[in-house]
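Some notes on the structure that comes next.
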Amino acid sequence: MKKLRLAERIPVFMRNPRLRLLAIYIILLSLVGAGVAFYYNWVLGVVLLILLILGSIFISDTFHRVNEETTKYISDLSFRIKRSEQDSLLRMPLGILIYSDEDQVQWINPYMQGYLSDKDVLGKKLADVDKDLAKMLNDHRDEKGTVTVNWGDRRFTLLIEQDSHVLYMMDITKYAKIEEAYDNSQVVIGQVFLDNYDEVTQSMADSDVSSLSSFVTNQISSWAQEFGMYLKRVDDDHFFVLMYAEVLKKVEADNFKLLDTIREATSKQNFPITLSIGIAYGDQDLNNLADLSQSNLDLALGRGGDQVVVKSPDDQARFYGGKTNPMEKRTRVRARMISQAVTELMSQADQIFVMGHQQSDMDSLGACLGIRRIAQMNNRQCWIVLDQENLHSDVRRLLTSLEDYPAIKESIITPEAALENANSQSLLIMVDHSKPSLTTAPELYKKLENRVMIIDHHRRGTEFPENPVLVYIEPYASSTCELITEMFEYQSKDSEPINEIEATGMLAGIEIDTKSFTTKTGTRTFDAASYLRSVGADENLIRHFMKENVDSYLQRNHLIESVEFVNKNLAVCVGEDDRDYDPVTAAQAADSLLSISGIEASFVITRRSKKQVGISARSAGDVNVQLIMEQMGGGGHLGSAATQIEGQSVSEVKATLTDILKKKNDTENKDDEEE
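Using UniProt numbering, you'd call the opening residue of the sequence shown number 1 and step up by one each time.
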């Protein structure tokens, strides 16, 4: 047996300082007692001394035996613990792999070996053993905690100890399947709406209406049966849908082809019908789901219809469809109702603030002038909130012309002044935009967020005021100025009418947004323009506003010279990263590219400021640039959209856009192959 060191020969409990002191104290007392006995009777002292020696020998021997037994027990326990640790590494249901600095397999436990069949792995590169496993190691090498990964047809929890070069994997396939089954069984609520059913059928014969209704209903019912949904017709143009989350995944994978089927089939019958669908999931409360599905349907309609919005309470909305421009409505009932609501809300406010988006354009400022005049017709003070920095030349020329109209000029104030003057009884009207992040005065919006009205012609995005008092968004309209011009028809005839400069500014807004009535125009666009001309709009003054200076002309041509093509029909122009471009110049360059044969969509990327890069996107009609820009945080229309990105270089933004365009092309090619 191995010879024990001196420290190991001391009994375990004697290594305790307190026990040692107690033992010394007892020995000293025994010695003192023996000394006292010698003093009085030497015979008694000798007897006590002998007893003390014998007792010490007995105690020492006992201590020694106890120490040996304790040491043996501890040694045996340590051995059993180490053996259990080794057995755990070999037998427990946890895969363990130790690798070298060069990613060579140095050791692997039997459980992990079971997932690699009978491969000889020791000493081999992990990439040679299993490429998927090597990729997981590379992808998650720097992860601090556990991650969930798929390996083959199974799912694992993966933990990598980079310092010790150890990889741990626990098979959680069983629990993942339980979780997946639970997720797939969640209830999903949807609402289907026929966008223009009333407008299409109002002039049709009863027999034709019945045939059209039956056709559309059969198509929607067949679609629901194909995917296993519950469908209930609520009204002539409204359906209610129930499904499971598993079904929703299949429908999304199908890209809601029902929209194309209905649109194309009814168009051939000369009665084009489009659908809008709002779908909600991810909440256990069915009432909340129903409300969210209605909100998603409203969002789809606010974006122009002919599309699907899928959204849970916690996730970003997903959009499908939106391939066509919204159809113009055939009734002015909504315009009259909105005009009356605007008048009522204005009468309840002590003062009104109207503002457009940042870097105001002619449509934005013209709309502000129109709202100010309507407020004046209702005897209310209206302030135009305008940041006069970084304005384009046409807007600056309009502001210069307002010098001859002191009443209007004095009503234009800065965002700081508006914030100071606003109170709880004030009304804020946001025109030509609906995103709070794009507004001229964000602080003013926050102060009056419960007293906000929105008038806009852009498709609605996911970023939207929470509690607007009135929303008037008509994506079919050419411009916001068109929408506001229609309101004048329903205002009091006794009040002072719109004057020449206001009419000119509003008509200029319509002409610029329609590219001189060549795009996005309908009968109501020309009606609005005709009205503005009748009240004094000056075309010569508009041409003066729209004159382009030499610098912007040269900048536009310089951008066009940098054109590159993605997927043959998509043009991308990129400005220098160290040079700022006017956003209007970038937009004009994007418009000019569409006049080139073969280009279906154009994207112009320029630096707007030190912190911001912008993209102006235009489409000839077949490519929905709004959906592309929304993927990059922007929005707009099917044929005209934009975005602003902060914290990135021009080249980084270009790389992101190019990647999105290539993925879009791959998806479309895949769909064509399936068809």
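Glycine is no exception: its CB is placed at the ideal position from the N, C-alpha and C atoms.
Under the three-state reduction of DSSP, residue 244 is assigned to strand. Nearest C-alpha to residue 637 among 474, 116 and 604: 474. Burial state of residue 400 is exposed, judged by a 10 Å Cβ sphere holding fewer than 16 other Cβ atoms. Listed as beta-bridge partners of residue 107 by DSSP are 98.
Taking the Cβ atoms as the reference, residue 275 lies roughly 14 Å from residue 299, outside the contact range of under 8 Å. By the Cβ-count criterion, residue 521 is buried, with 16 or more other Cβ atoms from all chains shown falling within 10 Å of its own Cβ. Taking the Cα positions, residue 350 is about 57 Å away from residue 181. Non-local beta-carbon contacts of residue 568 in its own chain, meaning distances under 6 Å to residues more than five positions away in sequence, are absent. Three or more beta-carbon pairs separated by less than 8 Å link the region 271-285 to the region 187-202, which places the two stretches in contact. For residue 190, the pairing in a beta bridge is given by DSSP as 241 and 279. In the pairwise beta carbon analysis, the region 278-285 is classified as not touching the region 219-239: fewer than three pairs are separated by under 8 Å. Its Cα nearest to that of residue 236, the residue 212 stands out among 212, 228, 486 and 249. For residue 320, the enclosing beta strand (DSSP E) starts and ends at 318-321. Around the Cβ of residue 565, a 10 Å sphere holds fewer than 16 other Cβ atoms; the residue is exposed.
The residues 236, 237 and 273, in chain order, have a CB closer than 7 Å to that of residue 197 in the same chain once the five nearest residues on each side in sequence are set aside.
With a cutoff of 8 Å on beta-carbon distance, residue 644 and residue 614 are scored as near each other. Straight-line measurement puts the Cα of residue 642 at about 21 Å from the Cα of residue 306.
Bounds of the alpha helix (DSSP H) holding residue 218 are 206-227. Under DSSP, residue 564 forms a beta bridge with 572. Per the DSSP secondary-structure output, residue 641 pairs in a beta bridge with 617 and 636. In this structure residue 371 does not touch residue 501 by the C-beta definition: roughly 15 Å separates them, more than the 8 Å allowed. Residue 383 counts as buried, since no fewer than 16 other beta carbons sit within 10 angstroms of its beta carbon. Across the set 365, 511, 666 and 124, the C-alpha of 124 shows the shortest separation from the C-alpha of residue 102.
For the region 412-481, the continuous beta strand (DSSP E) assignments of 3+ residues that do not extend past its boundaries occur at 427-431, 452-456 and 470-473, in sequence order.
If you look at residue 394, you'll find it in the alpha helix (DSSP H) that goes 393-401. Within the same chain, 240 come within 6 Å of residue 232 by CB-CB distance, once the 5 residues on both sides are set aside.
As a beta-bridge residue in DSSP terms, residue 355 pairs with 385 and 430. The bridge partners DSSP lists for residue 169 are 95 and 158.
In the same chain as residue 93, and ignoring 5 residues on each side of it, the C-beta atoms closer than 8 Å to its own belong to 111, 170 and 171, in chain order. Closest in C-alpha terms to residue 465, from the list 439, 476 and 587, comes 439. Within the DSSP bridge table, the entry for residue 197 names no partner. Around the CB of residue 584, 16 or more other CB atoms lie within 10 Å, so the residue is classed as buried. If you draw a straight line from the Cα of residue 314 to the Cα of residue 462, it comes to about 12 Å. For residue 107 and residue 71, the gap between their C-alpha atoms comes out near 34 Å.
By the 16-neighbour rule on beta-carbons within 10 angstroms, residue 366 is buried.
Residue 333: member of the alpha helix (DSSP H) spanning 333-347, first to last residue.
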